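Residue numbers (our numbering): 462 to 674.
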């Protein structure tokens, strides 16, 4: 049987997809390079031709995940049928952007050995997502729901602060302490954007429900 030869791009993609599947199945720490190459059926030299380490694969996965989030956010931001507040709700409900796969990647980035990559990813998130949110804020200004004088700079400040304070248990807050800080983040967003109090209540639905009782 003839050996299947894959293009460089296809082989790299195969390594990334296989590694990501194994990372989720056995955990990043327990997954070795040997496990990855055995799963694919290639020599170790082939692996190291594309990646220096499994941490470098994680970087590729994180970049790919962020690109998917950016694409999703751009689609929402460009939707002419939605108001600015509706777009914010679509992106910020439950105080996160993304899905279960995104959170799985975040958990791997939170490992101590991946701290540097995690910080780089956070910076890229702020730089790539802020212009999208800023455009939504400009729309909100025109619609009269927001009154932010510097949309981009305001969003960058809010993004950076919220990410650092609420990022993956960095401060080891209890659930109650985290809940309170999420409520404060909501209040800060509303005041910074000039939005009506409670208009971002979708970020903390349980808190809003409690106040209505």
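The beta carbon of each residue, even a glycine, is placed where N, CA and C say it ideally should be.
What you are looking at is a predicted structure, and each value in this text was computed from that prediction instead of being measured.
| Query | Result |
| --- | --- |
| Less than 8 Å between the C-beta atoms of residue 527 and residue 485, yes or no? | no |
| Count the other CB atoms within 10 Å of the CB of residue 522; is the residue buried (16 or more) or exposed (fewer)? | buried |
| Identify the continuous alpha helix (DSSP H) that holds residue 491 and give its terminal residues. | Residue 491 -> no alpha helix (DSSP H), and no H or E assigned at all. |
| Where do the N-terminal and C-terminal ends of the alpha helix (DSSP H) with residue 662 fall, by residue? | Residue 662 -> no alpha helix (DSSP H), and no H or E assigned at all. |
| Quick test of your reading: residue 593 and residue 538, contact by CB under 8 Å. State the CB separation rounded to the nearest angstrom. | 5 Å |
| Using DSSP with H/G/I as helix, E/B as strand and the rest coil, what is residue 620? | helix |
| According to the Cβ coordinates, are residue 530 and residue 480 closer than 8 Å? | no |
| Considering only residues of the same chain and omitting the five flanking positions on each side of residue 512, which have a CB-CB separation below 6 Å? | 518 |
| Using C-beta distances below 8 Å, list every residue in its chain close to residue 475, excluding the 5 sequence neighbours before and after it, in chain order. | 467, 501 |
| In the structure shown, what three-state DSSP assignment does residue 485 receive? | helix |
| Does DSSP put residue 556 in a helix, in a strand, or in coil? | A caution first: residue 556 carries a pLDDT of 45, below 50, which makes its placement in the model unreliable, though a value can still be read off. In the structure shown, residue 556 sits in a helix (DSSP, three-state: H, G or I). |
| In whole angstroms, give me the CA-to-CA distance for residue 554 and residue 636. | 18 Å |
| Alpha helix (DSSP H) containing residue 523: first to last residue? | 515-538 |
| Taking buried to mean at least 16 other C-beta atoms within 10 Å of its own C-beta, is residue 615 buried or exposed? | buried |
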